[in-house]
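> Every letter in the sequence shown is one number past the one before it in the working numbering, and letter 79, counting from 1, is 83.
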Amino acid sequence: MRIARYDDNRFGIVDGDDVIDVTSALAALPAQSYPFPRTDILIENLEQLRPALQAAAKSRARRKLTDVKLLAPVANPGKIVAAPVNYKKHLDEARADAGIHHQQQVGEIQKVGLFLKATSSVIGAGETILIRHDERRNDHEIELAVVIGKKADRVSKADALNYVAGYCIGLDMTIRGPEERSLRKSLDTFTVLGPYFVTADEIGDPAGLDLVLTVDGEARQTANTRDLVLDVPTLISWASSFYTLHPGDVILSGTPEGVGPVVPGNTIRATISKVGTMDVKVGHI
Ligand code: MN
5 MRIARYDDNR
15 FGIVDGDDVI
25 DVTSALAALP
35 AQSYPFPRTD
45 ILIENLEQLR
55 PALQAAAKSR
65 ARRKLTDVKL
75 LAPVANPGKI
85 VAAPVNYKKH
95 LDEARADAGI
105 HHQQQVGEIQ
115 KVGLFLKATS
125 SVIGAGETIL
135 IRHDERRNDH
145 EIELAVVIGK
155 KADRVSKADA
165 LNYVAGYCIG
175 LDMTIRGPEE
185 RSLRKSLDTF
195 TVLGPYFVTA
205 DEIGDPAGLD
215 LVLTVDGEAR
225 QTANTRDLVL
235 DVPTLISWAS
245 SFYTLHPGDV
255 ILSGTPEGVG
265 PVVPGNTIRA
275 TISKVGTMDV
285 KVGHI
């Protein structure tokens, strides 16, 4: 199942190039009041809701995906966990390029650990990445985004994929420079999730997915998730050894080689096999 959030918070099932509005089925979600839970209640209740969503999708009008404004498919991620330099060739390029490493030692992920991005940085594919520091290098990073479906606390690698609700494409936008990653990657609009959410059953094993990113048609990043240094189960197990992962938490699994700058006016096209393709505009704040 593929779920899109779009326009003024409509929810839809994606079928081919169309989206079918199933927003009314979300009325079955449990009522919430302040203080709201730090989870995404749609992701948390997705399996119970699945029959109602599929039933609603049978009787509704279709619209073209290209005619709607795509928002981030996970509305309320509790945290965005991100993996630095998790492809060997990206580690090599980061160490070789002063524009990336800024005279700082680029360590292996096993030593550096994971970092967090502000949830306020999240946008969808139909929104625009807004550059606010033109004087700095602003880079694209395509990553497989893993969405957690149930509470995961100290889970084993062998069990880890059972905690995944699904996947989407992630863009971990980044200002290069000497500051902490969490600052340079948490700007408003600097985490793009999209084009929609694909449930884990449609993906199967997340190893072996092709990633391709172009900027205005120019090839930049081409890789495959089989080349991850720490694969998806390892990332989930490792992250959950430090903190509990909750439904709706997102893990950005790391970017491969080929990162490079974007400027206002560019359009980024990002594709991950079995997930989809999204075009995201770059603008200026
Ligand atoms: Mn990244």
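Beta carbons are placed, not taken as given, at the ideal position from N, Cα and C, and that holds for glycine.
Can the beta-carbon of Ile84 be found closer than 9 Å to that of Leu256?
In the sequence shown, the residue the question calls residue 84 occupies position 80. In the sequence shown, the residue the question calls residue 256 occupies position 252. Yes; because the gap between Cβ atoms is below 9 Å, this pair is in contact.
> Looking at Glu147 and ligand 1, is the gap between the Cβ and the nearest heavy atom below 8 Å?
Against the sequence shown, residue 147 aligns to sequence position 143. Yes, since a heavy atom of ligand 1 falls inside the 8 Å radius drawn around the Cβ of Glu147.
> Which class does Gln114 belong to by DSSP, given the choice of helix, strand or coil?
The residue you call residue 114 lines up with position 110 of the sequence shown. It is helical.
> Taking contact to mean at least 3 C-beta pairs separated by less than 8 Å, is the stretch 147-156 in contact with the stretch 234-254?
Verdict: yes, contact present.
> Is Ala86 near ligand 1, going by C-beta to nearest heavy atom under 8 Å?
Your numbering for residue 86 matches position 82 in the sequence shown. It does: the Cβ of Ala86 is within 8 Å (strictly closer) of some heavy atom of ligand 1.
> Quick one: is the Cβ of Thr259 within less than 8 Å of any heavy atom of ligand 1?
Taking the first residue of the sequence shown as 1, we reach residue 259 at position 255. Yes, ligand 1 has a heavy atom inside 8 Å of this Cβ.
> Hey, would you say the C-beta of Lys68 is under 8 Å away from at least one heavy atom of ligand 1?
Position 64 of the sequence shown, counted from the first residue, corresponds to residue 68. The answer is no for Lys68.
> Going by C-alpha to C-alpha distance, which of Val18, Asn166, Ala204, Ser186 sits closest to Ala61?
Mapped onto the sequence shown, residue 61 falls at position 57. Ala61 has its Cα closest to that of Val18, out of Val18, Asn166, Ala204, Ser186.
> Quick check: is any heavy atom of ligand 1 less than 8 Å from the C-beta of Asp231?
Mapped onto the sequence shown, residue 231 falls at position 227. Not so, every heavy atom of ligand 1 lies at least 8 Å from the Cβ.
> Where does Gly221 sit, in a helix, a strand or coil, going by DSSP?
Counting from 1 along the sequence shown, the entry for residue 221 is found at position 217. Coil at Gly221, not helix or strand.
> Put Val26 into one of helix, strand or coil per three-state DSSP.
Counting from 1 along the sequence shown, the entry for residue 26 is found at position 22. DSSP places Val26 in coil when its eight states are reduced to three.
> So for Asn270, helix, strand or coil by DSSP?
Indexing the sequence shown from 1 puts residue 270 at position 266. Coil.
> Which one of Asp44, Gln58, Gln36 has the shortest CA to CA distance from Arg27?
Mapped onto the sequence shown, residue 27 falls at position 23. Inspection of the sequence shows that residue 27 is occupied by Thr rather than by Arg. The candidate whose alpha carbon is nearest that of Thr27 is Gln58.
> Would His105 and Thr259 be called neighbours here (beta carbons separated by less than 9 Å)?
The residue labelled residue 105 in the question sits at position 101 within the sequence shown. The residue labelled residue 259 in the question sits at position 255 within the sequence shown. Not closer than 9 Å, so no.
> Is there at least one non-hydrogen atom of ligand 3 closer than 8 Å to the beta-carbon of Asp192?
Ligand 3 is not part of the structure shown, which contains ligand 1 as its ligands.
> Here's the rule: buried if 16 or more other CB atoms are within 10 angstroms of the residue's CB, otherwise exposed. What is Gln225?
Position 221 of the sequence shown, counted from the start, is the residue given in the question as residue 225. Buried: at least 16 other Cβ atoms inside 10 Å.
> What are the start and end residues of the alpha helix (DSSP H) that includes Asp205?
Numbered from 1 along the sequence shown, position 201 holds the residue referred to as residue 205. Per DSSP, Asp205 belongs to the alpha helix (DSSP H) from 204-207.
> Taking 7 Å as the limit between beta carbons, can you name the residues of its chain near Val78, skipping five residues before and five after?
The residue given as residue 78 occupies position 74 in the sequence shown. For Val78, where only same-chain residues beyond five positions count, the Cβ hits under 7 Å are Asp44, Ile47, Val151, Leu197, Phe201, Gly252, Val254.
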